[in-house]
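Remarks on the structure that follows.
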Amino acid sequence: MQAPTIRRGYDDAMPSTSDRAPDPRPARTKAAIFAAARALTAGDGEVTVNALAKRAGVSRAAFYSHFSGLDDLMGAMLQQMLDTAWTRGTEFKDQGEHVHQRVRFGYGMLAAHVERHHAFLRGALDWKFSHRTYIGLLDSLVEMHVVAVDRLGDEVPAPLRGEPSTARAIAGAALALAVHWLAETEQQARAEEPLDATGLLETLLRNAPPWYSGFSAEEPVPAAELMEACRAAGEDAAPTA
1 MQAPTIRRGY DDAMPSTSDR APDPRPARTK AAIFAAARAL TAGDGEVTVN
51 ALAKRAGVSR AAFYSHFSGL DDLMGAMLQQ MLDTAWTRGT EFKDQGEHVH
101 QRVRFGYGML AAHVERHHAF LRGALDWKFS HRTYIGLLDS LVEMHVVAVD
151 RLGDEVPAPL RGEPSTARAI AGAALALAVH WLAETEQQAR AEEPLDATGL
201 LETLLRNAPP WYSGFSAEEP VPAAELMEAC RAAGEDAAPT A
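Numbered by full-length UniProt numbering, the letters in the sequence shown go through residues 1 to 241 in order.
Okay, structure coming up:
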């Protein structure tokens, strides 16, 4: 007896959900909101959900489908910026180098990103967001420094080893210096003068603990050379999504 022919039905002929390409619309909406936030912030525009939605060409409902509010949006943008800097730095720098070299490069990437995105970051200081956003940014920086401190091992002074406050103190100092640089260069930025964060990088390195940066107090700091390398590494690292 001949076996019955199995015919593919409509459902069988259609690709499964897992085979379909992801819907690009959510990513486009998110990218439009990010771009609107950068434009409004850099242009001294008032940053509200209504203004963002209008500038991005999306509805308020679309905004809230991605972010719970301005706090959430700012946190996402800053986190992406840090993630991009971290990724670029990791890709650009030889993994076989000493931890001190990676620490210096990390400071360089921070300075290069502050320089590159100074208009957005300076404007972001005027956003009406809660202290939680600042704490979230600090926590992200702390995570990066924890890795470096752990890898230094016995080079870390004994009383500071395994102390969560060690990485937090280092991250807090770096963030405070970056914010101070943004405030200090505000008039130059308003006059549309080119900004150079090499001085910020030198300050970061000179104020970092010697056991962390590997530089002694009297040792010259090659900030200009390092800054050029970090600018090159972060050249294509502007946030896009």
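Even for Gly, the Cβ is constructed at its ideal location relative to N, Cα and C.
- Around the beta carbon of Ile33, 16 or more other beta carbons lie within 10 angstroms, which makes this residue buried.
- Cβ-Cβ distances below 7 Å link Gly234 to Ala85, Arg88, Met109, Ala112, His113, Arg116 in the same chain, with the five nearest sequence neighbours on each side left out; the list follows chain order.
- Straight across, the Cα-Cα distance linking Ala76 with Pro159 is about 35 Å.
- In the assembly as shown, Val147 is an exposed residue. Its beta-carbon has fewer than 16 other beta-carbons within 10 Å.
- Put simply, the backbone Cα of Leu70 is about 35 Å away from that of Leu226.
- Cβ neighbours of Leu182 within its own chain (closer than 8 Å, five residues either side excluded): Val114, His118, Leu121, Arg122, Leu125.
- Contact annotation: Ala223 and Thr185 have beta-carbon atoms that are not nearer than 8 Å.
- Gly106 and Pro157 have their C-alpha atoms some 21 Å from each other.
- Annotated three-state conformation of Gly153 is helix, per DSSP.
- Ser65 and Pro22 have their C-alpha atoms roughly 17 Å apart.
- One alpha carbon belongs to Leu204, the other to Asp196, and they sit about 14 Å apart.
- Distance from the Cα of Gly43 is smallest, within the candidate group Glu192, Ile170, Pro210, for Glu192.
- The distance from the Cβ of Ala62 to that of Thr41 is about 20 Å, inconsistent with a contact at the 8 Å cut-off.
- Cβ-Cβ separation between Leu52 and Ala36: approximately 5 Å, consistent with a contact (criterion under 8 Å).
- In the three-state reduction of the DSSP assignment, Asp126 falls in the coil class, being assigned neither a helical nor a strand state.
- Linking Leu201 to Ser68 through their CA atoms gives a straight-line distance of about 35 Å.
- Across the structure, Ala189 and Asp154 are spaced so that their CA atoms are roughly 43 Å apart.
- Setting aside the 5 residues that flank it on each side, Phe215 is surrounded in the same chain by Leu205, Val221, each with a C-beta closer than 7 Å to its C-beta; the list follows chain order.
- Here Leu175 is near Leu141, since their CB atoms are less than 8 Å apart.
- Within the segment 167-221, the complete alpha helix (DSSP H) runs of at least 4 residues fall at 186-190, 198-207, 210-213.
- Collapsing the DSSP output to three states places Val103 in a helix.
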